[in-house]
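Numbering-wise (my numbering), the sequence shown opens with residue 14 and increments by one. What follows is one structure encoded as structure tokens, with my remarks underneath.
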Amino acid sequence: MQTHSEQTRQLDHTIGFVPTMGFLHEGHLSLIHDARKRADEVVVSIFVNPTQFGPGEDLEAYPRDLPRDIELIRQEGADIVFTPKPEELYPKNFQTFVELEKLPAHLCGISRPTHFRGVATVVTKLFNIVKPHVAVFGQKDFQQLAVIRRMVQDLNFDIEIIGAPTVREPDGLAMSSRNTYLTNEQRVSGLSLYQSLQKVQELLKNGIKNTEELIKAASELIQSYPETQIDYVSICDPDTLEDLPIIDRPALMALAVKVGKTRLIDNMILNP
Ligand code: AMP
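See below:
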């Protein structure tokens, strides 16, 4: 992969990169579509990264279907699918990690304390292997995008980072490879995430700016659905991810909810 990317660069062709964990859906394909417009060659990686999963999480159960993924990537017009094996990216005696100091102390980082260290490390490795000029990430994983942007700036990666909008099912459920875990009833409960975002947007429009009040309304809506267990509902500064008491400027509303055993996330920017 490195040799190929080096040759591509020597030809003065640009490389666009979309890192994924596979089991692709329309959300992933929208990122590939975006990368296609921005670069001469598009590389998609598929790697279920063990270092971003904590103990007891779904590393082994994570859905995989490589032949289907490759066909979808072909149809979307990408050029290369990079599928390293765990033992290739993490050989024996691997011991170097990339860690951010502040951003992982919020939102998903609280219940997943080693997650963003795994993400930052694997993305650094993939950047060094794929050598992209531009890389596209989804805003659905808002904190991940913030971590990557910060890391790229802090460590002087010469790569343009693009954030692409969240792709949703017609009923509003944010697309996710993990949606496949949901039963029909759980899928209905999963709609509570987007509904609570919409509800808060509506309350804000009616002049309610106190975040405690807004979070309470969102939480009550989510808890009214069966099998939901809130990890967090947060209204925070989109740059620092620190909680905001009042919405007097654009704010990030982000939430994580377990539906049965499946952890779902969603977010939205709220404008006062
Ligand atoms: P994953 O395979 O879940 O690690 O996701 C790979 C990339 O796809 C990440 O940049 C995600 O943010 C992005 N992504 C996942 N779901 C969506 C979605 N529903 N809409 C847009 N991008 C998404």
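Every residue gets a Cβ at the ideal spot worked out from N, C-alpha and C, and that includes glycine. Just so we're clear, the structure is a prediction, and the values are computed from it rather than from any experiment.
The beta carbon of Thr241 lies closer than 8 angstroms to those of Ser202, Ser205, Ile235, Val270, Lys271, Val272 in the same chain, with the five residues before and after it left out. In the DSSP assignment, Asn106 falls outside any beta strand (DSSP E), carrying neither H nor E. Proximity to Gly185 across Cys249, Asn280, Val57, Asp71 peaks at Asn280, based on C-alpha coordinates. Annotation for Ile174: the continuous beta strand (DSSP E) segment containing it runs 173–177. DSSP, reduced to helix, strand and coil, places Phe66 outside both helices and strands of the structure shown, so it counts as coil. Beta bridge pairing from DSSP links Asn280 with Ala267. Residue environment for Asn223: exposed (fewer than 16 other C-beta atoms within 10 angstroms of its C-beta). In this structure, Glu54 lies away from Thr16, with their beta-carbon atoms at least 8 angstroms apart.
DSSP places Asn219 outside both helix and strand once states are collapsed to three, so it counts as coil. By the neighbour-count definition (other C-beta atoms within 10 Å, threshold 16), Asp154 is a buried residue.
Inter-segment contact for the region 124–144 and the region 65–77 is present: three or more beta-carbon pairs are separated by less than 8 angstroms. By the CB criterion at 8 angstroms, Ser58 and Phe110 fall outside the cutoff. Per the C-alpha coordinates, the member of Val61, Lys115, Gly69, Thr27 positioned closest to Arg51 is Thr27. Taking C-alpha positions only, Thr196 is separated from Lys274 by approximately 11 angstroms.
Under the 10 Å beta carbon count, Pro99 is surrounded by fewer than 16 other beta carbons and is classified as exposed. When secondary structure is reduced to three states using DSSP, Asp244 falls in the strand class. One residue list follows from the rule of a beta carbon closer than 6 angstroms to any heavy atom of ligand 1, given in chain order as Thr33, Met34, Gly40, His41, Ser43, Leu44, Phe150, Gly151, Lys153, Asp154, Ala177, Thr179, Val180, Ala187, Met188, Ser189, Ser190. No Cβ-Cβ contact shorter than 8 angstroms links Ile259 with Ile228. DSSP places Ile228 in the helix class (H, G or I) of the three-state scheme. By the neighbour-count criterion, in which a residue is buried when 16 or more other Cβ atoms sit within 10 angstroms of its Cβ, Pro239 is exposed.
For Leu257, same chain residues with a beta-carbon under 7 angstroms away, outside a window of 5 residues either side, are Thr224, Ile248, Cys249, Asp250, Ala264 in chain order.
In this structure, Val149 and Ala187 do not form a Cβ contact; the two beta carbons are roughly 17 angstroms apart against a cut-off of 8 angstroms. In this structure, Phe36 sits away from Ala48, with a CB-CB distance that is not shorter than 8 angstroms.
By DSSP's assignment, Ile259 forms a beta bridge with Asn223. Across the structure, Glu101 and Gly131 are spaced so that their CA atoms are roughly 15 angstroms apart.
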